[in-house]
Structure formats: C-alpha cells, structure tokens
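J.:
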Amino acid sequence: MTAVHDHDHDHGHDHDDWPYPHPRQPDLEDGPLTHHMAMAEAVAELLIDKEIISADEMHRMLEVIDSKSPAEGARMVARAWLDPDFKAKMMDDVNAAAKDLDIDAGGIPIRCVENTPGVHNVIVCTLCSCYPRLLIGLPPDWYKSRAYRSRVVREPRAVLTEFGTNISNDVEIRVHDSTADLRYMVLPERPAGTEGLNEESLRALVTRDSMIGVTHLKTD
Amino acid sequence: MTARFTVGDTVQVRAATPPGHVRTPYFIRGHAGTVTKVAGVFANPEELAYGRPGTPAQPLYWVQFAQKDLWADYQGSDKDTAVVDVFESWLEAAP
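Those protein sequences? They're chains A and B, same order as listed. Going left to right, the first sequence walks through residues 17 to 236 as this note's numbering numbers them. Going left to right, the second sequence walks through residues 63 to 157 as this note's numbering numbers them.
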C-alpha cells in the first residue's frame, strides 16, 4: 500500500476516480505539449537568454495587453459621436486619434469603419484571429472560432441573427476580412434617443460586440 | 513602391495556390472586385514568414467584392459585400 493509498478499501472505487458526476476541469498540463507550444516556449527562453528582451519586459507587455479593455474603444466611439473633427481623425487613423485621448493603441495600424443607416459593417479575420487587442482588449473566444471565421463571411445575415441582430435587406452588410497588416474596429451608430446624454453616459452604452459589428446598440 | 492600382479600379485576384504563408483567402481567388482604398505599403508577409526582409514592400488594397459573386448560392441581399485586404502581388487588372 502506497502513501496515497493509505486507507481501507471497502468502498470499491478506482483510486484515481473523481467521485462527482461531472468531468474534472483539466489542468493545462493534461493536454499534450504540441510542437508549436514547445516552439513558443523555446523562442521566449532564447530571447531572454540572449538578452534580446528581458523577462521583465516580456511580462510587462503581457500585463499591458491584459489590461486593455473595450472601455478604451468605447471612449473613442463616444467622443466621435460628439466631436466631428475627432471622428474625421479617427476615420483616417485610429491610433493617432487614440493619442488625443491619451490611449496607447499600439503600433499596428487600426482602421475604423462606420455604420450608417445604409451600411452595417462586421469584422472578421478568416485566416487567423487578428483583432485590435491594444485598443479593445483580448478577443472573445467565439471571434477566434472556426465557426465564426468561416460563417460570417459566407452567411453574415444568419450569423448576425444568432447575435440578435436583424438587418434589413435594404441595408448592405459589409464584411471586413482583416487578412493583412491592418486591424479594424466598427464605429457603431449612435442609438436614437441619446441626444441629451453626456459623453460619459454615451461611453457606457458602447459594447465590445458593437465595435466588432455583430450587434446594434440599444438604449436599454 | 508606387501603387499600381487606384480607388475605383476593377481588379482580379490571381487564382494561384502557392505554398507558404499566404495572406490571400481562397474564397476571393479568381474573383473580380473594386479597389476602395489604397491602404499603405507593407513588408511582404510571404517573405517575412521565412526570415527574409520582406522586399519589395507591397502596396495593400481594400478590395470590395459582391457577395453574390463570391458564393453562387449566397443567401442575403444583393447589396451585401465583403472587403478584403489584398497585397498588390495578388492582383491583376481585370480583363
């Protein structure tokens, strides 16, 4: 009898069994170490060993990325609704406009596409999962799924309906496939009935999904 | 590198299937679309992926396609479009 086996066996269970009627949450280590996981670990270790970057720099960057949230994109959207000059700058170069609000949107160029009564934009990266992380935070899991990536470009209306977004056939749905060096955000339409709201109240209306383009904004 | 195409040009995506780190999705290959923006010049990702310098740099375009041209059985409005970022090396003047 081993140390981990140090009790009487009158209850007839297999010792590794989980006594609950649901599966155990797997630990990270329970999956296989894939080729690319090993490669990523090795490259990170080499960059640090060779003093190309320090461990502190790498972890700081991860913290910066993790600290980003849709709230920063929402600040830009609310300002754009209120300030036509800011909006013009944002439509030209999101990163430059972000600086005006003391937001660091990173070095990868981000472009904005505007929803209007005649055009509804939605963003996807069919090839991988490009996303403006440094502006609106880490992407939701569904954005990275093969189902979203393959379907939203093939049957966007069906996908949007699943998000509760029904777009009239009079409106063009414009799917943007972020295949290259640019990242995209949607400038959603300002909801009706928000004319009296101040900037802070407007910000609170703006959701992550509206900046991906899978939803419309509502006031309630 | 000077951009060969300009906004409003009709362009055709090459119907090629080269190996490697290609950034042109299959669903637009061989299809014609319209340039809606000359979106900058970037190091060629098909070269960068193999540790090469990415030269010559490639103009990047927004090319807009009618969804009903891309998918024979497209379910939606005739107005619907897809806009894809395409590097110049993948584009030809439409015949």
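Backbone N, C-alpha and C fix where the C-beta goes; we use that ideal spot for every residue, glycine too.
Does B:A101 get closer than 9 Å to chain A when you measure Cβ to Cβ?
T.: For the purposes of this step, residue 101 of chain B is identified with residue 39 of the second sequence, where counting begins at 1. Yes, contact with chain A.
J.: Check the Cβ-Cβ distances between B:P87 and every residue of chain A, and say whether any is below 9 Å.
T.: Taking the first residue of the second sequence as 1, we reach residue 87 of chain B at position 25. True, the Cβ-Cβ gap to chain A drops below 9 Å.
J.: Could you give the residue range of the beta strand (DSSP E) that holds A:E130?
T.: Reading the first sequence from its first residue, position 114 is the one you call residue 130 of chain A. First-last of the beta strand (DSSP E) with A:E130: I126 to E130.
J.: Report the residues of the stretch 185-202 of chain A with a CB closer than 8 Å to any CB of chain B, ordered along the chain.
T.: Taking 8 Å as the Cβ-Cβ cut-off against chain B, the residues of the stretch 185-202 of chain A that qualify are N185, D186, V187, E188, I189, R190, V191, H192, D193, S194, T195, A196, D197 and L198.
J.: Taking Cβ-Cβ distances shorter than 7 Å, what residues in chain B pair up with A:T142?
T.: Numbered from its first residue, the first sequence carries residue 142 of chain A at position 126. Chain B residues near A:T142: P87.
J.: Counting only beta-carbon separations shorter than 9 Å, does B:V145 have a partner in chain A?
T.: Position 83 of the second sequence holds residue 145 of chain B. Yes, B:V145 lies at the interface with chain A (some Cβ there is under 9 Å from its Cβ).
J.: Using a C-beta cutoff of 9 Å, does A:R170 count as contacting chain B?
T.: Along the first sequence, read from residue 1 onward, the residue named residue 170 of chain A stands at position 154. Yes, A:R170 lies at the interface with chain B (some Cβ there is under 9 Å from its Cβ).
J.: By alpha-carbon positions, which one of A:A94, A:K103 and A:D157 ends up nearest to A:E211?
T.: Counted from its first residue, the first sequence places residue 211 of chain A at position 195. Closest by alpha carbon: A:A94.
J.: Using a C-beta to C-beta distance shorter than 7 Å, which residues of chain A count as neighbours of B:F149?
T.: Working through the second sequence from its first residue, we reach residue 149 of chain B at position 87. Residues of chain A passing the Cβ test: A196.
J.: Quick check on A:A163 - is its C-beta less than 9 Å from some C-beta in chain B?
T.: Working through the first sequence from its first residue, we reach residue 163 of chain A at position 147. No, no contact with chain B.
J.: Could you please give me the residues that DSSP links to A:D193 through a beta bridge?
T.: Residue mapping note: residue 193 of chain A aligns to position 177 of the first sequence, counting from 1. A:V140 and B:V146, per the DSSP bridge assignment.
J.: Does chain B have any CB closer than 9 Å to the CB of A:A112?
T.: By 1-based counting over the first sequence, the position of residue 112 of chain A is 96. By this cut-off, A:A112 is not an interface position.
J.: May I have the straight-line CA-CA distance separating B:H83 from B:S151, to the nearest angstrom?
T.: By 1-based counting over the second sequence, the position of residue 83 of chain B is 21. By 1-based counting over the second sequence, the position of residue 151 of chain B is 89. Cα to Cα, B:H83 sits roughly 14 Å from B:S151.
J.: State buried or exposed for A:A121, treating a residue as buried only when at least 16 other CB atoms are found within 10 Å of its CB.
T.: Numbered from its first residue, the first sequence carries residue 121 of chain A at position 105. With 16 or more other Cβ atoms within 10 Å, it is buried.
J.: Kindly indicate if chain A contains any beta-carbon less than 9 Å away from that of B:G138.
T.: In the second sequence, the residue the question calls residue 138 of chain B occupies position 76. So yes, B:G138 belongs to the interface.
J.: Under 9 Å, do B:G102 and B:V146 count as touching if we go by C-beta distance?
T.: Residue 102 of chain B sits at position 40 when you count from the first residue of the second sequence. Residue 146 of chain B sits at position 84 when you count from the first residue of the second sequence. Going by C-beta atoms, B:G102 is not nearer than 9 Å to B:V146.
J.: Is any beta-carbon of chain A found at less than 9 Å from that of B:E154?
T.: Taking the first residue of the second sequence as position 1, residue 154 of chain B is located at position 92. Taking Cβ atoms only, chain A never reaches closer than 9 Å to B:E154, which makes this a no.
J.: Taking just the CA atoms, how far does A:D118 sit from A:E73?
T.: Locating residue 73 of chain A in the first sequence gives position 57, counting from the first residue. Locating residue 118 of chain A in the first sequence gives position 102, counting from the first residue. Looking at the two C-alpha atoms, the distance is approximately 22 Å.
J.: Considering B:L153, what are the terminal residues of the beta strand (DSSP E) in which it resides?
T.: Looking up residue 153 of chain B in the second sequence gives position 91. B:L153 -> beta strand (DSSP E) spans L153 to A155.
J.: Given that A:P35 touches chain B, what residues does it touch there, using C-beta distances under 7 Å?
T.: The residue labelled residue 35 of chain A in the question sits at position 19 within the first sequence. Simply none; closest approach about 49 Å.
J.: How is the alpha helix (DSSP H) around A:R1 delimited, first residue to last?
T.: Given a span of 17 to 236 for chain A in the structure shown, any question on residue 1 of chain A remains unanswerable.
J.: Below 8 Å, how does it come out for the stretch 155-168 of chain A and the stretch 203-223 of chain A: are there three or more Cβ pairs, yes or no?
T.: Too few Cβ pairs lie closer than 8 Å, so no.
J.: Taking just the CA atoms, how far does A:L218 sit from A:G209?
T.: Numbered from 1 along the first sequence, position 193 holds the residue referred to as residue 209 of chain A. Numbered from 1 along the first sequence, position 202 holds the residue referred to as residue 218 of chain A. Each residue's Cα considered, the two are about 11 Å apart.
J.: So the candidates are A:L150, A:T50 and A:H51; which of them puts its Cα closest to the Cα of A:S83?
T.: Reading the first sequence from its first residue, position 67 is the one you call residue 83 of chain A. Nearest C-alpha to A:S83: A:L150.
J.: Counting only Cβ pairs nearer than 9 Å, list the residues of chain A close to B:K130.
T.: On the second sequence, residue 130 of chain B is found 68 positions in, with the first residue counted as 1. Going along chain A, no residue has its Cβ under 9 Å from B:K130, so there is no contact; the nearest lies around 12 Å.
J.: Under 9 Å between C-beta atoms, does B:Q74 make it to chain A?
T.: Translated into the one-based positions of the second sequence, residue 74 of chain B becomes position 12. So no, B:Q74 is outside the interface.
J.: Count the C-beta pairs between the stretch 176-187 of chain A and the stretch 101-120 of chain A that are closer than 8 Å, then say yes if the count reaches three, no if not.
T.: The stretch 176-187 of chain A, when compared against the stretch 101-120 of chain A, does not touch it at the 8 Å Cβ threshold.
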